[in-house]
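Participant: In my numbering, the protein residues as written are 13 to 145.
Spelled out as structure tokens, the structure:
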């Protein structure tokens, strides 16, 4: 992750924290607004996936030497979000579950997009250092 890379004025770790935070909040809200009685813990799945993303974002902010490791782990998590969210296309889900799955796909895809841009930026920065012209 290039130190100077930002997307829409945000660093990649900050985007990880925001994406994860949105998923955590949505998971908690969806748990309490669901119609099922008793409440199903599966409504918290976005929160279970978002929390590690928040933790990885915070760790990469605090430990810059290992930022690239944390961000690579975040990219793997984002890939899992997309894969898990694709269930929406193969199952008949409630509206709440559909929104949760689509949110997982959008969060994961947007983070992968930014992560790839960041990886490319970091690589170009390294190449400039090796071969200055």
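All C-beta atoms in this analysis are idealised placements derived from N, C-alpha and C, irrespective of residue type, glycine included. All figures in this text were calculated on a predicted structure; none of them were measured in a lab.
Measure the C-alpha to C-alpha separation of residue 88 and residue 69 and round it to an integer number of angstroms.
Facilitator: Here residue 88 refers to the residue found at position 76 of the chain shown. Here residue 69 refers to the residue found at position 57 of the chain shown. Between residue 88 and residue 69, the C-alpha separation is close to 13 Å.
Participant: Kindly indicate which residue of 121, 79, 81, 78 has the alpha-carbon position closest to the one of residue 98.
Facilitator: Taking the first residue of the chain shown as position 1, residue 98 is located at position 86. Nearest C-alpha to residue 98: 121.
Participant: Quickly, what does DSSP pair residue 22 with across the bridge? List them, please.
Facilitator: Here residue 22 corresponds to residue number 10 of the chain shown, with the count starting at 1. Its beta-bridge partners are 19.
Participant: Less than 7 Å between the C-beta atoms of residue 112 and residue 58, yes or no?
Facilitator: Here residue 112 is taken as the residue at index 100 of the chain shown, counted from 1. Here residue 58 is taken as the residue at index 46 of the chain shown, counted from 1. Result yes, Cβ atoms of residue 112 and residue 58 sit closer than 7 Å.
Participant: Decide if the stretch 21–33 is in contact with the stretch 60–77; the criterion is three or more beta carbon pairs, one per stretch, under 8 Å apart.
Facilitator: The stretch 21–33, when compared against the stretch 60–77, does touch it at the 8 Å Cβ threshold.
Participant: Let me know if residue 25 comes out buried or exposed under the rule of 16 or more other beta-carbons within 10 Å of its beta-carbon.
Facilitator: Your numbering for residue 25 matches position 13 in the chain shown. Buried is the call here.
Participant: Measure from the alpha carbon of residue 90 to the alpha carbon of each residue in 101, 42, 72, 123, then state which is nearest.
Facilitator: Residue 90 sits at position 78 when you count from the first residue of the chain shown. Out of 101, 42, 72, 123, 123 has the C-alpha closest to the C-alpha of residue 90.
Participant: In three-state DSSP terms, what is residue 79?
Facilitator: Along the chain shown, one-based indexing puts residue 79 at 67. Three-state DSSP puts residue 79 in a helix.
Participant: Expressed to the nearest angstrom, what Euclidean distance is found between the alpha-carbon atoms of residue 71 and residue 49?
Facilitator: Residue 71 sits at position 59 when you count from the first residue of the chain shown. Residue 49 sits at position 37 when you count from the first residue of the chain shown. Cα to Cα, residue 71 sits roughly 37 Å from residue 49.
Participant: Could you say which of 19, 108, 139 lies nearest to residue 51 if we only look at CA atoms?
Facilitator: Taking the chain shown and counting its residues from 1, one reaches residue 51 at position 39. Out of 19, 108, 139, 108 has the C-alpha closest to the C-alpha of residue 51.
Participant: Straight-line CA distance for residue 9 to residue 76?
Facilitator: Look at the range of the chain in this structure, 13 to 145, and you will see that residue 9 is not part of it.
Participant: Go through its chain and collect everything with a Cβ distance to residue 45's Cβ below 8 Å, but skip five positions before and after it.
Facilitator: Walking along the chain shown from the start, residue 45 turns up at place 33. If we look at residue 45 and ignore the five residues flanking it on each side, its Cβ neighbours are 108.
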